[in-house]
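Data first, discussion second: the structure below is written as structure tokens.
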């Protein structure tokens, strides 16, 4: 099931992360697992600010990576869903807080 494009995402505030060359490395404190993101994943990660929806993040991919809008949205949603399942990102509530 695909997450709606209008859902707004933010980084899990409990995570530690660093940029190394063209990759982003994220460490989950709850399981001490290290997650490595490629260039595109790193770009999306840095763009997640608690204000942008999946659709808005996909627009940034279109602008920066010469990809078709439908492909960008599908890819952004897939990555966000994967990150969500690993508790790397959470949805932002209407009041700006974090929902579980």
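Residue numbers (our numbering): 1 to 100. Using N, Cα and C, we set each Cβ at its ideal position, and we do this for glycine too. Just so you know, these numbers come straight off a predicted model, no measurement behind them.
Beta-carbon proximity of residue i to residue j, cut-off 8 Å
{"i": "residue 5", "j": "residue 53", "result": "yes"}
{"i": "residue 171", "j": "residue 80", "result": "Because the chain here runs from 1 to 100, residue 171 falls outside it and cannot be looked at."}
{"i": "residue 58", "j": "residue 78", "result": "no"}
{"i": "residue 75", "j": "residue 61", "result": "yes"}
Spatially closest choice to residue i from the options, by CA coordinates
{"i": "residue 36", "options": "20, 61, 56, 65", "result": "20"}
{"i": "residue 29", "options": "66, 55, 13", "result": "13"}
{"i": "residue 39", "options": "32, 22, 50", "result": "22"}
{"i": "residue 102", "options": "15, 31, 49, 66", "result": "Absent from the model: residue 102. The displayed extent of the chain is 1 to 100, so no value can be given."}
{"i": "residue 31", "options": "75, 15, 43, 70", "result": "15"}
{"i": "residue 41", "options": "24, 68, 51", "result": "24"}
The beta strand (DSSP E) enclosing residue i, as first and last residue numbers
{"i": "residue 37", "result": "34-37"}
Reduced DSSP category for residue i - H, G, I as helix; E, B as strand; rest coil
{"i": "residue 66", "result": "coil"}
{"i": "residue 101", "result": "This structure cannot settle anything about residue 101, because the visible part of the chain is limited to 1 through 100."}
Item to check | Whole beta strand (DSSP E) elements within the region 15-62, 3-residue minimum | outcome: 16-20, 23-27, 34-37
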